[in-house]
Amino acid sequence: MLLSAACAAFVVPSLGGGARLAAHASPPLSGQQPAPAFGEQPSSRDQAHPPWAVAPPHRMSSQRSGLITMKGKKGGKPKGDNKFKAGGKKQQGQQEKKSVKDSRMAEQTKSFIYTILKLTKALPDGSRTLIKNINLCFFPGAKIGLVGLNGAGKSTLMKIMAGVDTEYDGECTPAPWASVGYLAQEPELDGATVQESIDAGVAQGRATLQQFEQLSAKVCEPLSDEEMEEALSELGRVQETIEAQDLWELDRTVERAMQQLRCPPPEADVTTLSGGERRRVALARLLLEGHDLLLLDEPTNHLDAQSVAWLQSYLEGFKGTVVAITHDRYFLEKSCGWILELERGEGKPFEGNYAEWLEQKAEAMRQERKADSRLQKTLQSELEWVRSSAKARQTKSKARLARYEEMLDAPQKEELSHSASIYIPPGPRLGKQVVEAKGVRKGFGERTLIDGLTFSLPPGGIVGVVGPNGAGKTTLVRMLTGEQAPDEGELVVGESVKMICVDQSRESLQGDNSVFEELSAGLDTITLGTQEVSSRAYCSWFGFTGQAQQKPLSKLSGGERNRVQLAKVLKSGGNVLLLDEPTNDLDVDTLRSLEEAIGAFAGSAVIVSHDRWFLDRVCDHTLAFDAAGGADFFEGSISDYDAWRARRHDSGEDCATSAAG
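Letter by letter, the sequence shown follows residues 124 to 784 in the numbering used here.
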């Protein structure tokens with residue numbers, strides 16, 4: 124276990140993207156009441172509540188005793204909480220009732236690891252309220268997926284819970300005994316090397332082991348009876364801590380975490396790491412720190428399938444509480460028992476995983492008789508796919524060209540007020556030859572990334588490229604664009620091919636421009652293939668309507684920047700798409716729109732992604748790299764490929780790929 128089994132902590136705000144909230148390991152001494160056990164059922168008075176409860180309004184109070192409260196700089200006091208004037212029996216009675224309610228609230232919240240009361244958060248310029256009067260309580264052991272549109276306030280809520288953002292109204296309170304760890308989208312790393320940064324997360328554990336060695340040496344020295352009794356007592360307490368936190372295997376645990384998360388070499392300079400490498404190091408360090416509550420902002424970004432599977436397994440055994448923002452719907456499906464949706468500033472909890480949340484959301488919309496027929500249709504489509512068999516999912520690709528022709532004849536797209544409806548304009552007609560690799564080899568120095576790659580992408584084919592980090596997926600994209608060349612072999616791109624590429628860097632966006640200026644270049648119309656459309660309508664197709672079109676790029680969230688990048692590149696029109704991790708930071712609604720757009724696209728696409736749900740939805744071919752430079756090219760989805768590999772493994776046949784994902 125990487126987790127501290129007994130940990131009492133006082134939470135303090137921490138600066139920087141990779142905030143860590145100070146923890147003080149202190150197992151309960153004999154005779155003391157221990158902190159609530161992670162994952163255990165609440166006491167009988169709380170069993171009427173789910174593992175993650177919305178605090179009822181009548182239990183809300185701005186003044187609570189016995190709790191450490193992180194208050195905003197605006198005072199942290201909910202609006203409308205008026206002070207009572209002195210004098211008068213009525214006021215005295217009200218004060219007494221309030222005191223009773225406060226005491227009751229303090230007692231009830233002892234079982235929660237985190238409590239949010241009347242939380243309101245507005246943008247600094249006051250133009251919009253992101254979070255409106257949210258009340259939530261979390262029991263230990265709850266696993267919660269936080270979802271919502273890009274810009275809905277998901278990362279903001281997480282920063283508030285972590286103590287990084289203190290400009291808010293209301294109260295956000297971790298339990299006094301709880302240690303909170305936070306993985307930011309762009310974490311900062313301590314130390315000069317990867318190993319030093321990782322070691323910072325286990326410094327307390329190493330100090331405990333060193334203390335044990337010192338005490339063990341001390342009891343071997345000549346001591347008085349009183350000194351010996353004191354030293355043995357202290358040695359026993361330290362040993363209990365070591366065993367509770369599984370520190371005897373600390374070095375092995377560190378090594379395993381770094382290996383499973385594909386961290387860079389221990390001696391690597393942290394200042395030279397890519398964004399993905401920094402996130403993997405920060406995640407490993409965070410898990411090793413042994414927190415009671417983990418706040419994870421897109422934890423699966425830049426993780427290959429094996430690392431995601433290991434993270435899911437780790438969190439399944441983790442006894443603490445997890446709140447995760449993620450676009451990875453398989454992760455939401457397998458790792459989360461609750462879904463918290465941020466919609467129009469409100470926090471809406473659903474019990475169940477992603478598929479169950481879809482069911483509940485669809486039912487809630489029917490009950491409320493909402494008029495948004497498009498969103499209901501999207502939800503129904505998602506539900507039907509979730510319920511369908513693998514064989515039924517395969518038939519989807521056969522109807523792609525027909526749907527594309529229907530789309531060309533369809534009327535102008537309707538402007539949407541709430542979400543993206545992505546449209547990929549058509550490019551020139553594809554010839555018979557699209558992309559063909561013949562014995563391609565590519566390496567750097569003594570390391571061979573790609574060895575003997577051979578495949579042929581047919582017209583209209585959508586191939587998902589998977590494999591471990593560093594296996595050569597992005598290198599393949601760079602060879603296809605001509606940025607790099609094969610060392611051996613031949614990579615042929617058809618004469619009719621017009622490629623457009625969306626890479627991971629997002630470096631082409633100009634920070635001073637507004638969304639509208641970046642996409643329209645100041646023009647009223649945009650040319651998409653052979654058509655001209657209103658620039659403002661085009662922005663709205665990607666979820667930017669009204670004032671959102673005037674937002675500076677520097678003020679956008681990660682998902683919003685990704686949407687702008689997609690809109691900017693796709694408008695040029697091409698018949699072969701190269702998408703390198705296109706789903707990073709996108710909200711689930713935008714992902715569905717992107718899936719629909721790719722499904723309606725008449726051309727071909729090469730998609731590098733670790734999002735297996737996304738690949739299963741859109742790809743009819745799979746190119747799976749392994750760590751040794753080999754690759755399988757398979758006709759079918761990633762799930763079909765996995766099933767094929769399993770059958771070959773069971774039959775004892777060799778399989779070229781040892782680690783796809």
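By construction, the Cβ of each residue, glycine as well, lies at the ideal position given by its N, Cα and C atoms. This structure is a prediction, so every number in the text was calculated from the model and none was measured.
- Relative to the Cα of D710, the nearest Cα in the group G271, N256 and F235 belongs to G271.
- Residue environment: R552 is assigned as exposed (fewer than 16 neighbouring CB atoms within 10 Å of its CB, all protein chains considered).
- Counting only runs that start and end inside the stretch 611-695, the alpha helix (DSSP H) elements of at least 4 residues fall at 638-643, 658-664 and 681-693.
- Rounded to the nearest angstrom, the gap between the Cα atoms of E344 and E352 is 13 Å.
- With contacts defined as CB atoms closer than 8 Å, V687 and L676 qualify as a contacting pair.
- Taking all protein chains shown into account, F567 has fewer than 16 neighbouring C-beta atoms within 10 Å of its C-beta and is therefore exposed.
- DSSP, read as helix, strand or coil, puts A315 in coil.
- The closest CA to that of G550, considering only N273, G697 and L651, is found on G697.
- For L396, there is no enclosing beta strand (DSSP E), as DSSP gives it neither H nor E.
- Note that the C-beta distance between I283 and V446 is not below 8 Å.
- A direct Cα-Cα distance of roughly 37 Å separates A428 from D635.
- Along the length of the stretch 710-737, whole beta strand (DSSP E) runs at least 3 residues long occupy 727-731, reported in chain order.
- Taking C-beta atoms as the reference points, D708 and G590 fail to come closer than 8 Å.
- A distance below 8 Å separates the beta carbons of T444 and A265.
- A contact is defined here as three or more CB-CB pairs under 8 Å, and the stretch 239-251 fails this definition with respect to the stretch 407-414.
- The shortest CA-to-CA distance from D743 to any of A751, I730, A754 and P263 is the one to I730.
- A residue is called buried once 16 or more other Cβ atoms fall within 10 Å of its Cβ, and A307 is buried on that count.
- Residue state for T423 is assigned as coil, using DSSP reduced to three classes.
- Here DSSP, grouped into helix, strand and coil, assigns A478 to helix.
- Counting only residues of its own chain and dropping the five nearest sequence neighbours on each side, K457 has a CB closer than 6 Å to the CB of Q435.
- Where W371 is concerned, there is no enclosing beta strand (DSSP E), because DSSP gives it neither an H nor an E.
- Around the C-beta of K565, 16 or more other C-beta atoms lie within 10 Å, and the residue is accordingly described as buried.
- For I365, the enclosing alpha helix (DSSP H) stretches over residues D348 to A367.
- When only Cα atoms are considered, I236 and C260 end up about 8 Å apart.
- When Cβ pairs closer than 8 Å are counted between the two stretches, the stretch 466-483 is seen to touch the stretch 249-257, the count reaching three or more.
- A distance of 8 Å or more separates the beta carbons of A340 and M381.
- When P247, R489, S658 and W300 are compared, the shortest CA-CA separation from D292 is found for P247.
- Around the beta carbon of V342, a 10 Å sphere encloses fewer than 16 other beta carbons of the protein chains shown; the residue is thus reported as exposed.
- A direct Cα-Cα distance of roughly 54 Å separates S727 from W300.
- In the assembly as shown, G562 is an exposed residue. Its beta-carbon has fewer than 16 other beta-carbons within 10 Å.
- Annotation for L373: V325, G328, R329 and L332 place their beta carbon closer than 8 Å to its own, counting only its chain and skipping 5 residues before and after.
- Cβ neighbours of T449 within its own chain (closer than 7 Å, five residues either side excluded): G268, E421, P422, T423 and L455.
- Counted as a single uninterrupted DSSP element, the stretch harbouring F235 is not any beta strand (DSSP E), since DSSP gives it neither H nor E.
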